[in-house]
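Residue numbers (this note's numbering): 436 to 613. Heads up, the beta-carbon is just placed ideally off N, CA and C, and yes, glycines get one too. To start, the structure itself, in structure tokens.
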């Protein structure tokens, strides 16, 4: 139970997560077993502000995971626009990787090794799976849709969150179909 509680609360910001683990280790020093109560008492929610979780859910086509992640983001007062921007950057990277795969007839793992070295290890399986399931034209269309949504949200600031959510949900549904 303590392990699951810890998994649920860490992961958003890697530096914050490491600090929370250090704090927990210090708090439980000398104890044989870390209890769920220990985790609840001392560990803050370091996962609250991660846009990576939302973007990963989009890539997986996980609607429930996306809605959960976006709820955490909104409750932490992080602008939804940042998720939309991060999603566009992810699709631009996918487009580059997919182009390399098609050009060199290389597997997804090879494109990831050359262009995805900076990706966190936890995200790599989602990106690799997206490379295997999305075609180059589909990635391009999705990137264009995300770009258009960013432009629309800048032109209509009052509708920014609605435009971003609508577009990202559409992308989640596209991912789920693949």
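Beta-carbon to beta-carbon, residue 602 and residue 584 are separated by about 4 angstroms, close enough to satisfy the 8 angstroms threshold. Here the segment 505-520 makes no contact with the segment 544-552; the two share fewer than three CB pairs at distances below 8 angstroms. The closest CA to that of residue 559, considering only 518, 535 and 490, is found on 490. Between the C-alpha atoms of residue 462 and residue 478 there is a straight-line separation of about 10 angstroms. When DSSP states are grouped into helix, strand and coil, residue 474 belongs to the helix group. A contact between stretches requires three or more CB pairs, one per stretch, nearer than 8 angstroms, and the segment 523-543 fails this requirement with the segment 589-603. Rounded to whole angstroms, the Cβ separation of residue 500 and residue 610 is 11 angstroms, and the two are not in contact under 8 angstroms.
Bounds of the alpha helix (DSSP H) holding residue 580 are 571-590.
For residue 554, the secondary structure class from DSSP, reduced to helix, strand or coil, is coil.
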